[in-house]
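Peer 1: Residue numbers (the UniProt record's numbering): 1 to 109.
Yeah, the Cβ is synthetic: ideal placement off N, Cα and C, and Gly gets one too.
Since this is a predicted model, take the numbers as computed values, not measurements.
Structure incoming, see below.
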């Protein structure tokens, strides 16, 4: 469930992050319009892409923390907790079966 929530939120945030292709297209247009030299456009594109990657990492970190807090507030059992309980239950069932077998062999009906 946590991964589904995270993926949904990341997909919706993806539109807000500037992609490399969009940056390159915009800087090419500026070069074609004569507003930037090719070198200036390359430098600007590099800076924007680097900045976008940094912001994306920050968004991912913030989003992961927010989703974790939201799931914690829901008080849902995590997979490892469910697995631990399953293991304990299987252990108890095995012990109960041994005790029942022992009791039936000691007290045949």
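By the 10 Å Cβ neighbour count, where 16 or more other Cβ atoms means buried, how is residue 19 classified, buried or exposed?
Peer 2: Start at 1 with the first residue of the chain shown, and residue 19 comes out as number 19. Classification for residue 19: exposed.
Peer 1: Where does residue 22 sit, in a helix, a strand or coil, going by DSSP?
Peer 2: As a first step, residue 22 must be located in the chain shown, where it is residue number 22. Here residue 22 sits in helix by DSSP.
Peer 1: Taking the straight line between their C-alpha atoms, what separation do you get for residue 102 and residue 85?
Peer 2: Numbered from 1 along the chain shown, position 102 holds the residue referred to as residue 102. Numbered from 1 along the chain shown, position 85 holds the residue referred to as residue 85. Roughly 26 Å between the two C-alpha positions.
Peer 1: Quick one, are the C-beta atoms of residue 23 and residue 49 less than 8 Å apart?
Peer 2: Mapped onto the chain shown, residue 23 falls at position 23. Mapped onto the chain shown, residue 49 falls at position 49. Cβ atoms of residue 23 and residue 49: closer than 8 Å.
Peer 1: For residue 96, collect the residues of the same chain with a Cβ closer than 6 Å to its Cβ; drop the 5 residues on either side in sequence, then sort them by chain order.
Peer 2: Working through the chain shown from its first residue, we reach residue 96 at position 96. So no residue of the chain qualifies.
Peer 1: Note down the Cα distance separating residue 98 from residue 55, rounded to an integer number of angstroms.
Peer 2: The residue you call residue 98 lines up with position 98 of the chain shown. The residue you call residue 55 lines up with position 55 of the chain shown. If you take the alpha carbons of residue 98 and residue 55, they lie about 59 Å apart.
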